[in-house]
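The next block holds one structure in the form of structure tokens; read it before the comments.
Number of protein chains: 2
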Amino acid sequence: MIRVLIADDEDMIRTALAALLRLEDDLEVVAECRDGESAVAEAQRLTPDVCLLDLEMPGLDGVDTAAKILRSVPSRCVIVTRHARPGVLRRALGAGVDGFLPKSRPADDVAAVIREVAAGRRYVDPEIAADALSDERSPLTDRELDVLRAGARGETVAEIASALHLSAGTVRNHVSSVLGKLGLASRQQATIHARERGWI
Amino acid sequence: MIRVLIADDEDMIRTALAALLRLEDDLEVVAECRDGESAVAEAQRLTPDVCLLDLEMPGLDGVDTAAKILRSVPSRCVIVTRHARPGVLRRALGAGVDGFLPKSRPADDVAAVIREVAAGRRYVDPEIAADALSDERSPLTDRELDVLRAGARGETVAEIASALHLSAGTVRNHVSSVLGKLGLASRQQATIHARERGWI
DNA sequence: GTCGACCCGTGACGAATGTCACGGCGGGTG
DNA sequence: CACCCGCCGTGACATTCGTCACGGGTCGAC
């Protein structure tokens, strides 16, 4: 019997997954948590075999939670996330996570991955792994990303410039360079583009 | 037997809900869709009793999808959403939706709400309903909101104008009116402001 | 050393954007 | 009826934004 802890702040998805896992004969859901702190506490109290952790949680996120759990109890951790990017995958593997599953995968796969991880194997979503290997890194420089971040809420060029202690012309040049690289036409399109890819 | 269509772009939550609903004796999941367009097509082909629509979907969002379905077939629609705000509730009810359920509710409630709606009753999450009654309505007119929606992804004024079959000057006037009402300085700030409040 | 990146700045140009004043249309309400 | 409001449009205006060309600086790689 594999003892499983589930942590997700969204009640609907957490209870749905828990209900589905309870239908499996070899799985036992021993805890349901709605944030990272309580997941750590419950994991230390119950030492589950596998912890299924959502990445997007208030307070401690999934990776931080996994790191704390892995430092204190001999459990294994699986990260589940809606926006799976190579960057977070690297962060998760660095924290010692054994499973990485995006929410773009059907719910049936969850039980299979839990069994894999409980058996001592690792599981990483092949699509994300391929992305991470091909290393689709941002083509933008650090400073260009700074400018996008500083202007992410619709600030004017002058405000970005003063926030970054630059001249307005320099900011415009950075923006122009970004738009050229991305093939876009305006700053807000660039910030949307960058946000969708996890660059900012 | 209540025939149900499910639409959600996130495979994990959609398949999980479908699997749970299939366990109910009186429910039959007749279609699973991953976007609004295919949901409309399937609804027209199958005329399900209840359509369970996620709000956040690429292309047509849940409310737009519900509006299209309700105009063409005698189905009933339930909107499910992670970010439930009074603004979207109003928009949903305006489109003729019969159920409104945030994802902060456990998965068990989904079947119950589907039965309510199939029986001809309406269901609105009481917490959101209370918020909607107490909170202020958007000071913007319908057309102004249309303009913000059409420009939400950084489109240029000319693109907004042609999308809405307006002249560029009219679009600029609407934008100017919006900025005056909200005390802001640029369109992107206005779209961020409106999105945070669920107006678009 | 040279070369290429990234970074910062200037100046000038055209295009896009927001502001204002104005008029016309329709639908409500007092 | 007059009146207000939302809606659509025009024209003119100042500001902002993005583009381009240019120069100077640092730093690491070859």
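Read top to bottom, the protein sequences are chains A and B. Position one of the first sequence corresponds to residue 1060 (the numbering used here), numbered consecutively onward. Position one of the second sequence corresponds to residue 1060 (the numbering used here), numbered consecutively onward. Backbone N, C-alpha and C define an ideal beta-carbon position, used for all residues, glycine too. The structure displayed is predicted, hence computed values, not measured ones.
Count the other C-beta atoms from every protein chain shown that fall within 10 angstroms of the C-beta of residue i, then say buried if there are 16 or more, exposed otherwise.
i, result
"Arg1103/A", "Contrary to the premise, residue 1103/A reads as Gln rather than Arg in this sequence. So Gln1103/A counts as exposed."
"Arg1246/B", "buried"
"Gly1242/B", "exposed"
"Gly1257/B", "buried"
"Pro1133/A", "exposed"
"Arg1212/A", "exposed"
"Leu1082/A", "exposed"
"Thr1201/A", "Residue identity differs from the one stated: residue 1201/A is Asp in this sequence, not Thr. Under this definition Asp1201/A is an exposed residue."
"Pro1117/A", "exposed"
"Gly1239/B", "exposed"
"Pro1161/B", "buried"
"Asp1120/A", "buried"
"His1233/A", "buried"
"Glu1186/B", "exposed"
"Glu1255/A", "exposed"
"His1023/B", "In the structure as shown, chain B begins at 1060 and stops at 1259. Residue 1023/B is therefore absent and cannot be evaluated."
"Ala1217/A", "exposed"
"Pro1107/A", "buried"
"Gly1179/B", "exposed"
"Ser1235/A", "exposed"
"Pro1145/B", "buried"
"Arg1135/A", "buried"
"Gly1210/B", "buried"
"Arg1149/A", "exposed"
So residue i and residue j are supposed to be a Cβ contact under 8 Å. How far apart are they, rounded?
i, j, result
"Asp1184/B", "Ala1143/B", "7 Å"
"Val1176/B", "Asp1157/B", "5 Å"
"Val1099/B", "Lys1127/B", "5 Å"
"Cys1092/B", "Ala1066/B", "4 Å"
"Ile1219/A", "Val1230/A", "5 Å"
"Leu1064/A", "Leu1114/A", "15 Å between Cβ atoms; not a contact."
"Ser1061/A", "Val1109/A", "Correcting the residue identity first, residue 1061/A is Ile in this sequence and not Ser. Between Val1109/A and Ile1061/A the Cβ distance is about 6 Å, and since that is below 8 Å, they are a contact."
"Pro1165/A", "Asp1070/B", "5 Å"
"Arg1080/B", "Leu1079/A", "Sequence inspection shows Leu at residue 1080/B; the Arg mentioned does not correspond to that position. Their Cβ separation, rounded to whole angstroms, is 12 Å, which puts Leu1080/B and Leu1079/A out of contact at 8 Å."
"Phe1159/A", "Ala1171/A", "Contact doesn't hold; Cβ gap of about 14 Å is too wide."
"Leu1076/A", "Ala1077/B", "Between Ala1077/B and Leu1076/A the Cβ distance is about 13 Å, and since that is not below 8 Å, they are no contact."
Quick check on the DSSP output: the alpha helix (DSSP H) that includes residue i runs from which residue to which?
i, result
"Leu1079/B", "Asp1070 to Arg1081"
"Thr1140/B", "Careful: Thr1140/B lies outside any alpha helix (DSSP H), inside the beta strand (DSSP E) at Arg1135 to Thr1140."
"Val1122/A", "Gly1121 to Ser1131"
"Arg1246/A", "Arg1246 to Glu1255"
"Ala1100/B", "Gly1095 to Leu1105"
"Ala1151/B", "Pro1145 to Gly1153"
Beta-carbon of residue i versus every beta-carbon of chain B: anything under 8 Å?
i, result
"Met1116/A", "no"
"Glu1070/A", "The residue you asked about is not Glu; residue 1070/A is Asp in the sequence shown. Closer than 8 Å: yes."
"Pro1133/A", "no"
"Asp1167/A", "yes"
"Thr1215/A", "yes"
"Ser1236/A", "no"
"Ala1066/A", "no"
"Ala1151/A", "no"
"Arg1144/A", "no"
"Ala1220/A", "no"
Let's see if you can read the secondary structure: which residues bound the beta strand (DSSP E) around residue i?
i, result
"Pro1161/B", "Gly1158 to Pro1161"
"Asp1113/B", "Val1109 to Asp1113"
"Arg1062/A", "Ile1061 to Ala1066"
"Ala1090/B", "Leu1086 to Cys1092"
Could you tell me whether the Cβ of residue i comes closer than 8 Å to any Cβ of chain A?
i, result
"Lys1162/B", "yes"
"Ala1090/B", "no"
"Ser1245/B", "yes"
"Gln1103/B", "no"
"Ile1138/B", "no"
"Gly1081/B", "Rather than Gly, the amino acid found at residue 1081/B in this sequence is Arg. Judged by the 8 Å Cβ criterion, Arg1081/B is not in contact with chain A."
"Ala1075/B", "yes"
"Arg1141/B", "yes"
"Arg1212/B", "yes"
"Ile1251/B", "yes"
"Ala1078/B", "yes"
Examine the ligand HEM and report whether any of its heavy atoms sits within less than 7 Å of the Cβ of residue i.
i, result
"Glu1214/B", "The ligand HEM is absent from the structure shown, which contains no ligands of any kind."
Practice item. At 4 residues or longer, and completely inside the stretch 1165–1242 of chain A: list those alpha helix (DSSP H) runs for me, N to C. Key: 1167–1177, 1185–1193, 1201–1209, 1216–1222 and 1227–1241
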